[in-house]
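To keep things clear, I will list the structure first and then write my remarks on it.
Take a look at the structure:
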């Protein structure tokens, strides 16, 4: 059983798994549940991130892990790894000395510069006020 192994062996097995396979959101949640909570589970998710076949699932899993874990994971992988352009609302703490943070800021500016869903520019909306 994987729970009986030492944390370093569990993470090593997870790394081997991700070399050959992709996983869906449900399988990744089951794998993460086999790890102890906290740092080991955060490290497990970081290992799995590139192998989860649904990008939105990664963000959902991170949100389920709690505020402290989310903060730790964001510090390690950067906000761009969890950026969802279809739902980019929220608070961002970007460090402009990090490339991934600057790229996230560029994406936010690009989204802000696009016309809204009704086809009117933000400037046109401001003129109507």
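In this note's numbering, the protein residues as written are 36 to 164. Virtual Cβ for every residue (Gly too), placed ideally from N, Cα, C. Only a predicted model underlies this, so the values are computations on that prediction, with no experimental measurement involved.
- A direct Cα-to-Cα measurement between residue 143 and residue 117 gives close to 13 Å.
- Going by DSSP, residue 84 is part of no alpha helix (DSSP H) at all; its letter is neither H nor E.
- Beta-carbon to beta-carbon, residue 53 and residue 82 are separated by about 6 Å, close enough to satisfy the 8 Å threshold.
- Under the 8 Å Cβ criterion, the stretch 41 to 57 counts as touching the stretch 83 to 95, having at least three qualifying pairs.
- A residue is called buried once 16 or more other Cβ atoms fall within 10 Å of its Cβ, and residue 93 is buried on that count.
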